[in-house]
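Here is the structure we will look at, set down as structure tokens.
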């Protein structure tokens, strides 16, 4: 009896706190970012549309869940990173970080618009070559290069292979020698405030300087580049300036002490997506336990690709101009900022579940996409739109769970939405960075990917079938697949 | 200058703290669990061996990384969960949680030893049927059942379909009616202290009771089971007893108030792996920042499958015996406790990287397996063994990173190991639960899986090839794959 009273009291207190938390949310906190930011329009019963195509309708054709790539947004971002600097007309050379969203259809689209390939594994190098990217448009990075892939890279005369750490330099030198040609290489350094750990050689303490000395001493290596990747996201002019300043100062040191005139300054990636921000620990807690809505980021607080690229060029030009030295080529390797906001994941409600006791939790809606496909949405703000019910007033707060049997599989602990029914669809925005590469086939096959271009949807990748999931398994032994199994995959491919 | 002094001081202080942390580690903290616990033996230069097979040698045949399944351990665990209770000879009926390690070769091996299938998605239901599991050996659970899969389940007369939440009951009733047969169903309830959220109907507050009433009122449903899954891991007799007691008390309530004689009590899974424990927040911090070694769990602190199964049976028998009622069938749905410790992930060192400045970080070793394949090792203690260098004294503390370009890709922040060279191999133990289903193809293809049985290794799943990674992509357009690409996949399959 005492237990029941305690339980009841706890639930009432929690409910009261939740009401308070909702009421005390910052003004405008429940205001969503407008769909027009992603070129989405609202067309009555057809719900949200991209280029006139109903997202809900796309699910009926291609199955749910579904990744939808917006070709126009991709073209826009590709051009923005290559914005010429007023005056000199100089542009950044852009190498897309393959790991961020390695969909061949997306990669080819970028390559056709002047973007090269930044690869970090033997597979990604293979993929770039398979997609027809010329060796002189490929940069090879990362701490995990195989010797075989280095032979391939040096043998083909890749544009640039950056040593991730000092220990790679003698390996590079030996393999280049074996290939009988001088390899074009750089060294990745760590500027103060950037990622370290397994990545790069720190400028502080002189390690990076000694690594350059060692590389310059190897006859088989042509040291053409200084490579730095901040890792920690860049949002503001101040963050960009500090990072670029540190790289330029180290380039000056290499010039002054070693006489090194670098052909390339490679500034890596790290530019943030304006509409995506990490969810802070306190905000997450308020969202999870008190169902307080998340605050969308202010998109203007983050540098756009245009401003980032032109600011970077301006800093480099001014630096070398003031010293009367030739301006090096400026490389950038954007990932999330190039593709993040060009793709959305559209999912369906499988079922709803009422909250315990009305007060001990929000109602749940279980979606057909969860942490298996949208891990990013658990840690970062990603705008969510109801698709077919867009425009209906929010009726209640839902906890949106995914389909895999883990309590961790909650994408949105508290989202104010119209009343949902099974079959309704929702769109998770900015799914073009680290959604596809972090996807798993946990209990559910992976979805199809389509590209919308000029009002037409084209299949880039078909959905995994049940058979695909076991295609590599050799363990069926003597029992053949039974012809009586009638379960079909619920997509257009079935 | 001041910055340099500050940096130097910080590094010295950190180094001193690390020395202190290592020295003040609990006695025996660096002692590893013995390889014999996993039937591994040490054979000189051949390193660690399973059934006489050198693990390092297996990599040479099948490529690295490699999952190695121990058939004898699997057989042992399957038998242990089915240990007969002294006296009555009653056994638990075991339904393996497919989601935990859905490798067809492993599943078939278990099915051949009397274990049924517990599935939580349309794909897993399809897989069980494809593996030839008879419908009367399949339990279908989870919050994400499609209507099509329910038609399949009811049409075939599945042993048991558990409603995850109340809203599923009318859907079950309608589909069973359409199938023209009574469906054997249960209702998943939440006992105090168990998972809630999207899972189950709470006993507290009367929701579970009302759900049973609703199910009993549906002519097309035959209510045969009460289903409960603790979720939070069970390690001790006390935890088991409390959980079972709550389920039995609710079964009594159903009997007393509704006259319901249940055919089945389904106690779900949740038994822990004796050699795996979550890493606490403080321990993780000490490990990450001060390189203090993790403390291995004491395996005896966790119930073995034999003790768990017999204790459970004893509680149920005693409960019903005391009331003079017929003892129901006892179902368990083990996942991690059945396969977790029957599989290891063997990986190679790709490269090493010296720590910054000697004091600002441990040396790094970059492995060919990281968070893409062994996410579990980032949150739980998993015993790590050097394989080819087993027996050499620990020479230094390494930070073991994976191959994907993320600072999060660190599996072991601080592991005391012999001096490592590229090509050396390491084994991550207890990889048979939630490693394979949470695996991604992030920048690197997924590895092969072999089973070792009676001194022979058999391929269960071949490694993904580069071509496999793009097999579903339709976006090559007019440019065919170029015949000049020579990069091969570095496995035996190439």
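Residue numbers (the numbering used here), protein chains in the order written: chain E, -17 to 476; chain W, -17 to 476.
Even for Gly, the Cβ is constructed at its ideal location relative to N, Cα and C.
Which residues bound the beta strand (DSSP E) around residue i?
| i | result |
| --- | --- |
| residue 120(W) | 120 to 122 |
| residue 78(E) | 75 to 79 |
| residue 394(E) | 392 to 399 |
| residue 93(W) | Not the beta strand (DSSP E): residue 93(W) falls in the alpha helix (DSSP H), residues 86 to 93. |
| residue 105(E) | From DSSP, residue 105(E) is part of no beta strand (DSSP E) but of the alpha helix (DSSP H) over 104 to 112. |
| residue 326(W) | 325 to 335 |
| residue 522(E) | Outside the shown range of chain E, which is -17 to 476, sits residue 522(E), and nothing can be said about it. |
| residue 448(E) | Unbroken run through residue 448(E) is the alpha helix (DSSP H), 448 to 451; no beta strand (DSSP E). |
| residue 433(E) | 430 to 435 |
| residue 269(W) | That residue, residue 269(W), is in no beta strand (DSSP E); its alpha helix (DSSP H) goes 263 to 272. |
| residue 165(E) | 165 to 172 |
| residue 355(W) | Per DSSP, residue 355(W) belongs to no beta strand (DSSP E) and is neither H nor E. |
Identify, in the order they occur along the chain, each residue of the same chain with its Cβ nearer than 8 Å to the Cβ of residue i, setting aside the five sequence neighbours on each side.
| i | result |
| --- | --- |
| residue 115(E) | 93, 98 and 99 |
| residue 62(W) | 286, 287, 288 and 291 |
| residue 129(W) | 153 and 157 |
| residue 426(E) | 350, 354, 385 and 386 |
| residue 24(W) | 17, 30, 31, 372 and 373 |
| residue 245(W) | 206, 207, 310 and 311 |
Output needed for residue i: all residues of its chain with C-beta closer than 6 Å, excluding positions within five of it in sequence on either side, in chain order.
| i | result |
| --- | --- |
| residue 132(W) | 157 |
| residue 336(E) | 345 |
| residue 176(W) | 212 and 213 |
| residue 256(E) | 281 and 284 |
| residue 422(W) | 354 |
| residue 196(E) | 151 |
| residue 119(E) | 98 |
| residue 73(W) | 64 and 66 |
Please list, in chain order, all residues of the same chain as residue i whose beta carbon is under 7 Å from its beta carbon, the five residues on each side excluded.
| i | result |
| --- | --- |
| residue 456(E) | none |
| residue 9(E) | Its pLDDT being 44, under 50, residue 9(E) is placed unreliably by the model, and the measurement read from it follows with that caveat. Here the set comprises nothing. |
| residue 11(E) | Note that residue 11(E) scores 43 on pLDDT, short of 50, meaning its location in the model is unreliable and no value can be drawn from it. |
| residue 7(E) | Any answer about residue 7(E) is weak, because its pLDDT of 48 lies below 50 and its placement is not dependable; what the coordinates show is given next. These residues qualify, in order along the chain: 274 and 275. |
| residue 70(E) | 299 |
| residue 400(W) | 368, 371, 374, 375, 376 and 377 |
| residue 402(W) | 331, 334, 347 and 380 |
| residue 35(E) | 434, 437 and 439 |
| residue 186(E) | 174 |
| residue 233(W) | 208, 244 and 247 |
May I ask which residues mark the beginning and end of the alpha helix (DSSP H) holding residue i?
| i | result |
| --- | --- |
| residue 98(E) | Segment 98 to 101 is the beta strand (DSSP E) holding residue 98(E); no alpha helix (DSSP H) there. |
| residue 296(W) | 287 to 305 |
| residue 159(W) | 150 to 161 |
Can you round the beta-carbon distance between residue i and residue j to whole angstroms, since I take them to be within the 8 Å contact cut?
| i | j | result |
| --- | --- | --- |
| residue 398(W) | residue 310(W) | About 50 Å separates the two Cβ atoms, so there is no contact after all. |
| residue 418(E) | residue 17(E) | Residue 418(E) to residue 17(E), Cβ: 23 Å. No contact. |
| residue 324(W) | residue 251(W) | No, residue 324(W) and residue 251(W) are not in contact; Cβ-Cβ is about 16 Å, not under 8 Å. |
| residue 318(E) | residue 82(E) | 6 Å |
| residue 210(E) | residue 173(E) | 5 Å |
| residue 110(E) | residue 80(E) | 7 Å |
| residue 429(E) | residue 49(E) | 6 Å |
| residue 121(W) | residue 142(W) | 5 Å |
| residue 51(W) | residue 431(W) | 7 Å |
| residue 352(W) | residue 412(W) | With 8 Å as the limit, residue 352(W) and residue 412(W) do not qualify as a contact, their Cβ atoms being about 17 Å apart. |
| residue 329(W) | residue 47(W) | 4 Å |
| residue 181(E) | residue 125(E) | 6 Å |
| residue 41(E) | residue 407(E) | 6 Å |
Flag this pair as touching only if the stretch 182 to 202 of chain W and the stretch 157 to 169 of chain W have three or more C-beta atom pairs under 8 Å; answer yes or no.
yes
Entirely enclosed beta strand (DSSP E) segments - the stretch 16 to 52 of chain E, minimum 3 residues
22 to 24, 30 to 32 and 48 to 52
Taking three-plus beta-carbon pairs below 8 Å as touching, is the stretch 370 to 383 of chain E in contact with the stretch 435 to 453 of chain E?
no
Is there contact here, the stretch 58 to 69 of chain E with the stretch 286 to 300 of chain E, by at least three beta-carbon pairs under 8 Å?
yes
Near-chain C residues of the stretch 72 to 88 of chain W (beta-carbon distance less than 9 Å), N- to C-terminal order
Among the protein chains of the structure shown, namely E and W, there is no chain C.
For a minimum of 4 consecutive residues, which ranges assigned as the alpha helix (DSSP H) are wholly contained in the stretch 191 to 225 of chain W?
none
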